[in-house]
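Below is one structure, written out as structure tokens, with a few remarks after it.
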Amino acid sequence: MLYKAFICGCLFEVGLFCLPGAHGRFVPRGEGDVCREARTQTLEPDVWLREVQQRSHGTRRRIPLTHLALLEEVLVMGLRLIDGVTHQHWQLFSPRADLYQILSSSSEVQDLQQTGL
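Here it is as structure tokens:
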């Protein structure tokens, strides 16, 4: 069973994240600046179970995401949604940067627009 909740700009999927091989994004608590991490669980079920029993978790990798990497993920994940990336959603992650201004000033985006995309 999988429970999903969108809280403070974070998608929580309880029931999937802690299984062997699962991956996700996480905001550690009490570690100074707010920084999201990409986390990957141990792939092999027997090794994962042993790690959970010994260390209380099966997290194999923790990679802090830069702000740019986070914004790239917001855009890419937004492309999968019917609503895309709304202004309100973008503001949760980058309140000082206007998405329209960023995209309209990009030479790569202008090149794509000229080709009809």
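Under mature numbering (1 follows the signal peptide of the UniProt record, and there is no 0), the residues of the sequence shown are numbered -24 to -1, 1 to 93, in order.
C-beta atoms are modelled at their ideal positions from N, C-alpha and C, and glycine is treated no differently.
Beta-carbon to beta-carbon, Thr35 and Gln64 are separated by about 31 Å, too far to satisfy the 8 Å threshold. Gln17 is bridged by DSSP to Thr35. The straight-line gap separating the alpha-carbon atoms of Ser32 and Cys11 is approximately 22 Å. Counted as a single uninterrupted DSSP element, the stretch harbouring Gly(-1) is not any alpha helix (DSSP H) but the beta strand (DSSP E) occupying residues -2 to 2.
CA-to-CA, the gap between Glu49 and Gln29 works out to about 33 Å.
Taking C-beta atoms under 8 Å as the contact rule, Leu47 and Ser70 qualify, at a distance of about 6 Å.
Pro4 and Pro40 have their C-alpha atoms some 10 Å from each other. Taking 8 Å as the upper bound for CB-CB distance, Val85 and Leu75 are not in contact here, some 11 Å apart.
In the DSSP annotation of this structure, Ser81 is not part of any alpha helix (DSSP H), being labelled neither H nor E.
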